[in-house]
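Chains as they are written, first to last, in my numbering: chain A, 44 to 210; chain B, 229 to 604.
Just so it is clear, CB atoms sit at the ideal spot from N, CA and C, and this is done for glycine as well.
Since this is a predicted model, take the numbers as computed values, not measurements.
Reading through the structure tokens given below for one structure.
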Ligand code: SF4
Ligand code: SF4
């Protein structure tokens, strides 16, 4: 008799516990509009998707309005990169006053092997490179993921001399 | 005719053992792990795990990389404890160099560690319930984990493999809104906690699938070198944060969660309570979040003095040990990782043998294996 009683008690408990869980599901079913966590993609993505400012999407070499960048071709970023995603190709040029100078020729970035570890940007003494929060980077062929970051015709931004700073 | 086979009578029905390969591609193993299960009917007779499907040679790779670079690889071992793995490596290097990091860096590190533990346990809660047959918790677990990942994304730039904790402190300072963000997040998470209990902890089916199933005695847990929630659910006190505190855990007030049930249910309860403890730890740090430097500048090329260094930390799965043999150059001579999942994998066999095949999945999910952590 007692075991039968216990059995019934257990069955009732089981149903109550399942009903409690289902109640939660029901509540979400009713209030789905208020707690909607799905974001629309790719439609309306410019308005609905918020990518965080710091999100590591790709390495960029910012240029200013005069088509000048800050990279001195010191190759520290290339050394810091753990998987050789960066190739700095420099060239020798002769300045107007006859001095030989090493400047950046090509800043080659292999997005296909980059792991977004931030070590190149951390290593750069000139703060020449940055992480951009772009995320739609896929292409059909991985060979297309090799970019040259410095724009054609761009050159090193001259540091303001002491005189210019004072004026 | 002579050779005609005779139908055996039911009394002399001959049975034999049957070997089933579970994996390497199986949703319940959460990764590429192959388990060779010897079955007698539905009863498991023997378990033989086969490893190596996701072996990337991380230990060997570190030997050809400068110390600073090799840290980012450790995020890829136990990807659900990426911050904590980075932390272990950074601590080992800092100890060798004798660097003291600032109070702010320590606080950021511990908050990140504990948030990481929360994400890991929330994912574990969802996938554990899914292995046992419930699908809704998986989505709820992911929903709450997503909130924390957003904090990671906003502050560290990455969501899974952060490379944020580095020797000397952290890579970048947290956002000015970090403290308020985390406070808001904790409020939200605490509001959701009762749903976990309502849906799964009180669930009759779940309780019967876990209670008394997957027994791992204290002696077995110790002899298999289990750690983390698996060992603590068998009554072994092994929390590294309590026994060998690092980076200011000694100043914080939290309990080591120990359960003496030794079964799947006990492991479940330990995980759930650890989430509460993590929230409690973060709250203490947020109340007086230190200001100051987030990073102690160290030289560009790190050279460890010759010798051997060992550092252990508590990841979401147990004790992670980093053992470095340095020869004075900028690369380690040998770097060895003692990963928690590898030792905990040994617990699958003693918990499962003698039970039904369906219990194997329940046991594996409460033991909480991360396969890349087993193989490295
Ligand atoms: S983010 Fe890391 S992997 Fe990518 S280019 Fe920079 S250093 Fe190399
Ligand atoms: S980007 Fe920075 S680190 Fe890299 S070569 Fe240019 S100046 Fe040097």
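CA-to-CA distance, residue j to residue i, given in whole angstroms
i                      : j                      : result
residue 280 of chain B : residue 349 of chain B : 25 Å
residue 180 of chain A : residue 67 of chain A  : 39 Å
residue 403 of chain B : residue 291 of chain B : 35 Å
residue 379 of chain B : residue 584 of chain B : 42 Å
residue 454 of chain B : residue 569 of chain B : 9 Å
residue 386 of chain B : residue 304 of chain B : 13 Å
residue 249 of chain B : residue 293 of chain B : 37 Å
residue 475 of chain B : residue 539 of chain B : 12 Å
residue 471 of chain B : residue 478 of chain B : 9 Å
residue 49 of chain A  : residue 418 of chain B : 35 Å
residue 327 of chain B : residue 144 of chain A : 39 Å
residue 400 of chain B : residue 450 of chain B : 40 Å
residue 199 of chain A : residue 142 of chain A : 16 Å
residue 266 of chain B : residue 275 of chain B : 6 Å
residue 185 of chain A : residue 153 of chain A : 10 Å
residue 526 of chain B : residue 452 of chain B : 40 Å
residue 210 of chain A : residue 202 of chain A : Because residue 210 of chain A carries a pLDDT of 49, less than 50, the predicted location of this residue cannot be relied on, and the following value inherits that uncertainty. Cα to Cα, the separation comes out at about 14 Å.
residue 129 of chain A : residue 598 of chain B : 32 Å
residue 560 of chain B : residue 286 of chain B : 13 Å
residue 433 of chain B : residue 457 of chain B : 23 Å
residue 493 of chain B : residue 377 of chain B : 28 Å
residue 591 of chain B : residue 363 of chain B : 18 Å
residue 545 of chain B : residue 424 of chain B : 20 Å
residue 367 of chain B : residue 81 of chain A  : 12 Å
residue 373 of chain B : residue 83 of chain A  : 20 Å
residue 334 of chain B : residue 270 of chain B : 51 Å
residue 229 of chain B : residue 247 of chain B : Residue placement at residue 229 of chain B is flagged as unreliable, the pLDDT there being 47, under the threshold of 50; a coordinate-derived value is accordingly withheld.
residue 437 of chain B : residue 357 of chain B : 10 Å
residue 440 of chain B : residue 491 of chain B : 6 Å
8 Å Cβ cutoff, residue i in contact with chain A
i                      : result
residue 669 of chain B : Within the shown structure, residues of chain B are numbered from 229 to 604, placing residue 669 of chain B beyond reach of any answer.
residue 483 of chain B : no
residue 554 of chain B : no
residue 229 of chain B : No answer about residue 229 of chain B holds up, because its pLDDT of 47 lies below 50 and its placement is not dependable.
residue 476 of chain B : no
residue 300 of chain B : yes
residue 386 of chain B : yes
residue 305 of chain B : no
residue 521 of chain B : no
residue 382 of chain B : yes
residue 358 of chain B : no
residue 391 of chain B : yes
residue 399 of chain B : yes
Any C-beta of chain B under 8 Å from that of residue i
i                     : result
residue 57 of chain A : yes
residue 60 of chain A : yes
residue 67 of chain A : yes
residue 63 of chain A : yes
residue 49 of chain A : no
Beta-carbon gap between residue i and residue j smaller than 8 Å
i                      : j                      : result
residue 580 of chain B : residue 260 of chain B : no
residue 442 of chain B : residue 268 of chain B : no
residue 342 of chain B : residue 506 of chain B : yes
residue 114 of chain A : residue 163 of chain A : no
residue 542 of chain B : residue 469 of chain B : yes
residue 299 of chain B : residue 318 of chain B : yes
residue 331 of chain B : residue 518 of chain B : yes
residue 100 of chain A : residue 177 of chain A : yes
residue 389 of chain B : residue 295 of chain B : no
residue 104 of chain A : residue 166 of chain A : no
residue 312 of chain B : residue 548 of chain B : yes
residue 464 of chain B : residue 485 of chain B : no
residue 603 of chain B : residue 352 of chain B : no
residue 537 of chain B : residue 316 of chain B : no
residue 381 of chain B : residue 98 of chain A  : yes
residue 521 of chain B : residue 556 of chain B : no
residue 193 of chain A : residue 119 of chain A : no
Presumed contact (8 Å Cβ cut-off) between residue i and residue j, rounded CB distance
i                      : j                      : result
residue 324 of chain B : residue 529 of chain B : That belief does not hold up - the Cβ atoms of residue 324 of chain B and residue 529 of chain B are roughly 14 Å apart, past 8 Å.
residue 339 of chain B : residue 480 of chain B : Rounded, the Cβ-Cβ distance is 11 Å, inconsistent with contact.
residue 329 of chain B : residue 396 of chain B : 6 Å
beta-carbon residue i near ligand 4 non-hydrogen atom, thresh 7 Å
i                      : result
residue 120 of chain A : Because ligand 4 does not appear in the structure shown, any question about it cannot be addressed here, the ligands present being ligand 1 and ligand 2.
C-beta neighbour in chain D for residue i, strict 8 Å
i                      : result
residue 459 of chain B : In the displayed structure, chain D is absent; the protein chains listed are A and B.
**Message:** Tell me which residues of the region 423-448 of chain B have at least one Cβ-Cβ distance to chain A shorter than 7 Å, keeping chain order.
**Reply:** 423, 426, 427, 430, 431 and 432
**Item:** Proximal residues, the region 75-104 of chain A versus chain B, C-beta separation under 8 Å
**Value:** 80, 95, 96, 97, 98 and 99
**Request:** May I ask you to list, following chain order, the residues of the region 265-297 of chain B that have a beta carbon less than 8 Å from some beta carbon of chain A?
**Result:** 293, 296 and 297
**Residues in the region 322-351 of chain B having any Cβ partner in chain A nearer than 8 Å** = none
**Message:** Closer than 9 Å between beta carbons: that is the criterion. Which residues of the region 144-170 of chain A meet it against chain B?
**Reply:** 158, 159, 160, 161, 162, 165 and 166
**Request:** Closer than 7 Å, Cβ to Cβ, to anything on chain B: give me those residues from the region 107-129 of chain A, in chain order.
**Result:** 125
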